[in-house]
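Enquirer: Last residue of the sequence shown: 31 in full-length UniProt numbering, with the numbers rising by one and none dropped. We treat Cβ as the ideally placed atom computed from N, Cα and C, and that holds for glycine. Just passing along the structure, written as structure tokens.
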Amino acid sequence: MPLDSREFQEQFPAMINARALISCTYFWAYR
1 MPLDSREFQE QFPAMINARA LISCTYFWAY R
């Protein structure tokens with residue numbers, strides 16, 4: 001299944017933001 005670069009460019013920042021949000025949540029919850 002070929003990867004659509006346009007879709008990838010839209011999905012990739014969303015994954016980074018979600019991972020960063022989870023990391024921040026853990027940081028504030030367990031600091």
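Starting from the C-beta of Ala14, find all residues in its chain whose C-beta is less than 8 Å away, skip the five residues before and the five after it, and write them out in chain order.
Expert: For this step, residue 14 is matched to residue 14 along the sequence shown. Answer for Ala14: no residue qualifies.
Enquirer: Tell me whether Arg31 sits in a helix, a strand or coil according to DSSP, three-state version.
Expert: As a first step, residue 31 is located in the sequence shown; it is residue number 31 there, counting from the start. Coil.
Enquirer: Just the Cα atoms here: how many angstroms apart are Glu7 and Thr25?
Expert: If you number the sequence shown from 1, residue 7 lands on position 7. If you number the sequence shown from 1, residue 25 lands on position 25. Distance between the alpha carbons of Glu7 and Thr25 is about 27 Å.
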